[in-house]
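Working notes, structure below.
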Amino acid sequence: MPAFLAAAEGAFPAWTRTLQNVRHTVVFAGSALALTAAALV
309 MPAFLAAAEG
319 AFPAWTRTLQ
329 NVRHTVVFAG
339 SALALTAAAL
349 V
């Protein structure tokens with residue numbers, strides 16, 4: 309299984325991981341903002 313995961317990760321360009329982290333940060337921040345706004349209303 310670990311070899312399969314390594315092969316799967318190697319199939320993507322290096323910037324994919326960075327882009328994924330940026331996307332997760334944006335989604336997390338948006339969710340926090342939405343929850344805060346909902347709590348204040």
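Counting from 309, one number per residue, gives the positions in the sequence shown under the numbering used here.
Just so you know, even glycine gets a beta-carbon here, dropped at the ideal spot from N, CA and C.
Item, Value
"Could you pull the start and end residues of the alpha helix (DSSP H) that P310 belongs to?", "P310 to G318"
"Helix or strand or just coil, what does DSSP make of V349?", "coil"
"DSSP three-state label for A322, please.", "coil"
"What is the rounded straight-line gap between the Cα of A322 and the Cα of V330?", "14 Å"
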